[in-house]
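The block underneath contains the structure these notes are about, expressed in structure tokens.
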Amino acid sequence: MTSLQQRFDDLGTPLCDVTFCVLDLETTGGDPGSDTITEIGAIKVRGGESDGTFQTLVNPGRAIPPTVTVLTGITEMMVMAAPRIESVLASLLTFIGDSVIVGHNVRFDMGFLQAALERDERPRLSNRTVDTVALARRLVRDEVPNCRLGTLAARFRLPHQPSHRALDDALATADLLHVLLDRAAGLGVTGLDDLSMLPKLAAHPQAAKLTLTERLPRSPGVYLFRNDRGEVLYVGKATDLRSRVRSYFSSDDRRKVGALLRETARIDHKATPTVLEAEALEIRLIHHLEPHYNRVGTRSSAAVYLRLGAERFPRLAIAREPQGGRRLLSLGPATSRRVATDVIDAIHTVIPLRRCSRPAAKGAPCSAAQLGTALCPCQGGVSEADYARLVERLRLGLTTTPSVLIDPLVERMRALAAEERFEEAASTRDRAVALAELLRRSRRIDDLRRVEWLVVADRDGHRFAFRRGQLARYWAPTADDALGALDPGRAIEAMPDDPGDPAGGPIRADLADEVLLTARWLERNAGRIRVVEATGTWAGSVHPVPTVGPPRPAERGSAPPGRPRRQRARSASPASPTSITSANSRPNVDRAAADGNEYGSAWAISTP
């Protein structure tokens, strides 16, 4: 799984290519708001070599306290003829440029410099900074009694020794920086990003394992934490593998992360050319390997399906498997049994299907029937023909016309709110939202599964092929578009023993996650991709799932029951795939294909 080759660029900006500006300021005191600068010293270094120095005294415009004079040797007589800070800033900013500013307690120096810029009505500096105090505390704290610049300079016998004068201290800090960079290299620090993260990383209790990240590239991909037996503990994806994995040693303080790192003995990775492939591969690996620490990603184990049986008087039930059993209709997967129960309760609010699983005793209808919220066919209260009409209404609501189910729920919610029965209104709203979200989820999956092959290209020349909603092949950009079309592309890694996508019926929960990933990617990138090829029909419904929201405050108590203001329905998708086909034209609507579509069609892309 681990890539043996690593591009030099994958390490980020190499430290040998970074220009550092080591800065030191002498001041009249410690408060940037009331004290001012008396001397500036700076040296620029790159690749271990000096690239120039900057030094000047500054007239602070106020008296220098005797204690400061004793410490620095700078007297009022020395600065009397010196320029004011306003005259120095322009040349100092030119010297600094876009370099990385380094200081020993850099917050002190940057605080005074930023205050001077603000007083002169100049923009604040946004340069990256490195603090040698923080680095020293993490890298050499056990070797010295303290991390003062003088102590460190003496311990490591630096060529320049500090004297509380700006340029001397800047030169000593530059020497110290090079010592610390050598130490940091032992922890796998090779780039500027790594150096910036090091103070937090080195303080981590598992910092010794940072060497496991040395070979990680700065590219998209998936990473696998393994224990000493080679078992996969956790699978994740990243747009930048190196930064993401190293972040576990700094910014992530969750309890399970600490346990994960304690068990980790090896970190493998697979680099991918695109983030989309990394996301798809992550889903496949999680469902195939079922790592212990991937709690969120393995929620497919909790997925369930709604099934309408094929009895004379069908009832809704929850099933663990998408296939099997006689059924008229299936919906799902729902993410949990609780969601499925909310959806069934929402449907029962609108359509009084039977709820009992066994015939009721003679003369004793089920409790739901006694309350008038369900029919009880076994008591002869409804004919088979009348019940069939209810089932057909349910079929329409779950397939072509979702407003059949959603609108009555919205009306009931508003009526309850108007009667100030807010808890019941909220419960009705939650059930309606669960139903609407499951319908949208199922539609997004089914729309893509009807397309045997869908090939799209982005503006940069990347091409992606999806088979029934799953990423299957990828083409890198080529200079000759015609040659790229002839290239069979690179197959995306599949998991061994994967039975694949079933030809009909509800999709498996693990496949649903990947198809939904594809749907989100197509919607998010709708404005920058075009359809190259589509085998089959890719169509959108003319009847979008209505949006369910809370009653507007003005409606509470003002809209009479039964006559609420209706919310305007809008599409569930933030971007319609019609914009994908062409930047200049809408797709031609294939009415023949639309007639054969399960939902009807507002637009369609189909094979001629």
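Read in order, the letters of the sequence shown correspond to residues 460 to 1067 in my numbering.
Yeah, the Cβ is synthetic: ideal placement off N, Cα and C, and Gly gets one too.
Just so you know, these numbers come straight off a predicted model, no measurement behind them.
ask   = Among all the DSSP beta bridges, which residues are the ones paired with Asp628?
value = Residue pairing of Asp628 in beta bridges, as defined by DSSP: absent, with no partner found.
Three-way DSSP call (helix, strand, coil) for Thr1040 in this model = Summary for Thr1040: the model assigns pLDDT 34, below 50, so the residue's position carries little reliability, and this model does not support an answer.
key: As assigned by DSSP and simplified to three states, the class of His728   = strand
key: Cβ-Cβ separation, His619 to Ala631 (assumed contact under 8 Å), whole Å   = 4 Å
task = Check whether the Cβ atoms of Tyr764 and Pro965 lie closer than 8 Å to each other.
result = yes
inquiry  = According to DSSP, simplified to helix, strand and coil, what is Gly562?
reply    = Here Gly562 carries a strand assignment [DSSP, helix/strand/coil].
message = Cutting at 6 Å between CB atoms, please list the residues of its own chain near Asp483, excluding the five before and the five after it.
response = Gly500, Ala625, Asp628 and Ala629
query = What three-state label does DSSP hand Val763 in the structure shown?
reply = strand
ask   = Taking Cβ positions, are Ile544 and Thr495 nearer each other than 8 Å?
value = Yes. Within cutoff.
message = Assuming contact is defined by CB atoms lying nearer than 8 Å, are Leu651 and Thr472 in contact in what I supplied?
response = Their beta carbons are under 8 Å apart, which means Leu651 touches Thr472 by this criterion.
query = Should the stretch 724 to 738 be regarded as contacting the stretch 929 to 937, the criterion being three or more beta carbon pairs within less than 8 Å?
reply = In short, these stretches touch, since the Cβ pair count reaches three.
ask   = Cβ of Glu982 within 8 Å of Cβ of Ala739?
value = Not in contact: Glu982 and Ala739 (Cβ atoms no closer than 8 Å).
Rounded C-alpha distance that separates Gly562 from Val538 = 23 Å
inquiry  = Here's a check: name, in chain order, each residue in its chain whose Cβ is nearer than 6 Å to the Cβ of Leu864, leaving out the five neighbours to either side.
reply    = Around Leu864: Val809 and Gly856.
request  = Kindly indicate which three-state DSSP category Asp708 falls into: helix, strand or coil?
outcome  = Here the sequence assigns Phe to residue 708, which means Asp is not the residue at that position. In the structure shown, Phe708 sits in coil (DSSP, three-state: anything other than H, G, I, E or B).
Extent of the continuous beta strand (DSSP E) to which Val504 belongs = Ile496 to Arg505
query = Would you call the stretch 689 to 698 and the stretch 715 to 729 in contact, with 3 or more CB pairs under 8 Å?
reply = yes
task = Between the Cα of Asp425 and those of Thr977, Glu911, Gly609 and Arg674, spot the shortest distance and give me the residue it belongs to.
result = Summary: the structure shown does not reach residue 425, with the chain confined to residues 460 through 1067, and so no result is reported for it.
Local Cβ density within 10 Å of Gly791, reported as buried at 16 or more and exposed below that = buried
request  = State the beta-bridge partners of Gly928 as determined by DSSP.
outcome  = In DSSP, Gly928 forms no bridge with anything.
query = If you run the structure through DSSP and keep just helix, strand and coil, what is Cys475?
reply = helix
Below-8 Å beta-carbon distance, Ala895 vs any chain B residue = Considering every chain present, this structure includes no chain B. It has just one protein chain.
task = Counting only the same chain and skipping the five closest in sequence on each side, list residues whose C-beta sits under 8 Å from that of Pro582.
result = Leu576
query = Can the beta-carbon of Ala697 be found closer than 8 Å to that of Arg703?
reply = One thing to note: Ala697 has its Cβ within 8 Å of the Cβ of Arg703.
request  = Report the option in Leu657, Pro679 and Pro676 whose CA atom is closest to the CA atom of Leu669.
outcome  = Check the Cα spacing between Leu669 and each of Leu657, Pro679 and Pro676: the tightest is with Leu657.
message = Just to confirm the assignment, what range does the alpha helix (DSSP H) spanning Tyr846 have?
response = Residues Glu843 to Leu857.
ask   = Alpha carbon to alpha carbon, what distance is there between Ser558 and Ile502?
value = 11 Å
query = Taking C-alpha atoms, which residue in Arg890, Ala876 and Ala891 lies nearest to Ala884?
reply = Ala876
query = Under a three-way DSSP split, which group does Ala799 fall into?
reply = Look at Ala799 here: in three-state DSSP terms it is helix.
key: Cβ shell of Ala776 (< 7 Å), same chain only, five flanking positions each side left out   = Once the five neighbours on either side are set aside, the close Cβ partners of Ala776 are Arg766 and Gly768.
ask   = In this structure, what does DSSP give as the bridge partners for Trp980?
value = According to DSSP, Trp980 bridges with nothing at all.
ask   = Comparing alpha-carbon positions, which option in Asp653, Leu894, Asn984 and Ala978 lies nearest Asp919?
value = Asn984
message = Determine whether the beta carbon atoms of Leu897 and Val802 lie at a separation below 8 Å.
response = yes
inquiry  = Check this for me: beta carbons of Ala895 and Val1004, under 8 Å apart or not?
reply    = yes
message = Bridge partners for Tyr693 per DSSP, in chain order?
response = DSSP output for Tyr693 lists Phe684 as bridge partner(s).
C-beta contact flag for Val599 and Arg642 at 8 Å = In this structure, Arg642 lies closer than 8 Å to Val599 by Cβ.
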